[in-house]
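Here the structure comes first, spelled out in structure tokens, and everything after it is commentary.
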Amino acid sequence: MFAHCNSQPNVMRWLGGVQTREKTNEMIDKLLRWQADYGHSFWAVERKEDGELLGFCGLKRIDRACIPDIGTPEIGWRLREDAWGQGYAREAAAASLDYGFDTLGMAFITALTLPGNAASWGLMERLGMTRREDLDYYDEEDWGPKVGKEIVYRIAREDWARIRQENAA
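Sequential numbering from 813 applies to the sequence shown in our numbering.
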């Protein structure tokens, strides 16, 4: 399923393009290594009704030298195209934020995307994350000079707690 998701052009449009099976296997190895090293990674997102695998969401540590805050927590998600717009990414991202703050004790969590990926940064904003232009960066290794800056969003533990409390009321 992961390979299927990574082979969909619309899914991979803002993620470096369609990936080969070899590149997907490298990513799976990375995910398993992050889980072993940090106790968290990106996890499967399944539809509750039937257990259908829709993609992944979760937390990792920023591991690219071009990013100003290397080693800090990052949330990310990737869902197959037919799962878009149904609330799955928001639900999975909220659960990941809960886990990061409540279980792992993270002080803040960062999210990264490209300026053209309005669906992704729109979700970041709906989650209550704040754009941090001071942390934007160029990633020419992954994207090349034509893409421009990668943009950064962040949310602090206390802000997420306030949002959850407001939503519960």
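By construction, the Cβ of each residue, glycine as well, lies at the ideal position given by its N, Cα and C atoms.
> Is the Cβ of Leu-924 closer than 8 Å to any Cβ of chain C?
Replying inline: Of the chains in the structure shown, none is chain C; there is only one protein chain.
> Apart from the five residues on each side of it in sequence, which residues of its chain come closer than 7 Å, Cβ to Cβ, to Leu-891?
Replying inline: In the sequence shown, the residue the question calls residue 891 occupies position 79. The answer, listed in chain order, is Val-857, Leu-866, Gly-867, Tyr-900 and Ala-901.
> What do you get for Lys-860, buried or exposed, if any count of 16 or more other CB atoms within 10 angstroms of its CB means buried?
Replying inline: If you number the sequence shown from 1, residue 860 lands on position 48. Flag for Lys-860 reads exposed.
> DSSP three-state call for Arg-859: helix, strand or coil?
Replying inline: By 1-based counting over the sequence shown, the position of residue 859 is 47. DSSP places Arg-859 in coil when its eight states are reduced to three.
> Within 10 angstroms of its Cβ, does Leu-926 collect 16 or more other Cβ (buried), or is it exposed?
Replying inline: What you label residue 926 is simply residue 114 of the sequence shown in a count that begins at 1. Buried, since its Cβ has 16 or more Cβ neighbours within 10 Å.
> On the three-state DSSP scale, how would you describe Gly-870?
Replying inline: Position 58 of the sequence shown, counted from the start, is the residue given in the question as residue 870. Strand.
>> Quick check: the Cα distance between Arg-944 and Ile-963, rounded to an integer number of angstroms?
In response: Position 132 of the sequence shown, counting from 1, holds the residue named residue 944. Position 151 of the sequence shown, counting from 1, holds the residue named residue 963. Using only the alpha carbons, I get a separation of about 8 Å.
> I think Leu-939 touches Ala-906, with their Cβ atoms under 8 Å apart; what is that distance to the nearest whole Å?
Replying inline: Walking along the sequence shown from the start, residue 939 turns up at place 127. Walking along the sequence shown from the start, residue 906 turns up at place 94. The pair is a contact, with the Cβ atoms about 7 Å apart (cut-off 8 Å).
> Which partner residues of Ala-923 appear in the DSSP bridge assignment?
Replying inline: Along the sequence shown, read from residue 1 onward, the residue named residue 923 stands at position 111. Paired residues: Tyr-965.
> Which whole runs of the beta strand (DSSP E) in the region 878-942 are 3 residues long or more, in chain order?
Replying inline: 885-891 and 920-925
> Where Ala-923 and Glu-978 are concerned, what is the direct C-alpha to C-alpha distance, given to the nearest angstrom?
Replying inline: In the sequence shown, the residue the question calls residue 923 occupies position 111. In the sequence shown, the residue the question calls residue 978 occupies position 166. Cα to Cα, Ala-923 sits roughly 22 Å from Glu-978.
> If we ignore side chains and look at the alpha-carbon of each, how far apart do Pro-885 and Tyr-911 end up?
Replying inline: The sequence position of residue 885 within the sequence shown is 73, counting from 1. The sequence position of residue 911 within the sequence shown is 99, counting from 1. Cα to Cα, the separation comes out at about 12 Å.
> Would you report the Cα separation of Ile-921 and Glu-937, rounded to the nearest angstrom?
Replying inline: As a working mapping, residue 921 is identified with position 109 in the sequence shown. As a working mapping, residue 937 is identified with position 125 in the sequence shown. Rounded to whole angstroms, Ile-921 to Glu-937 spans 13 Å at the Cα level.
>> Give me, in chain order, the residues of the same chain whose beta-carbon lies closer than 7 Å to that of Trp-933; leave out the 5 immediate sequence neighbours on both sides.
In response: Stepping through the sequence shown from its first residue, residue 933 is reached at position 121. The residues are Thr-925, Ile-963 and Tyr-965.
> When we look at the beta-carbon of Gly-888 and count the other beta-carbons within 10 Å, is it buried (16 or more) or exposed?
Replying inline: In the sequence shown, counting from the first residue as 1, residue 888 sits at position 76. By the 10 Å Cβ count, Gly-888 comes out buried.
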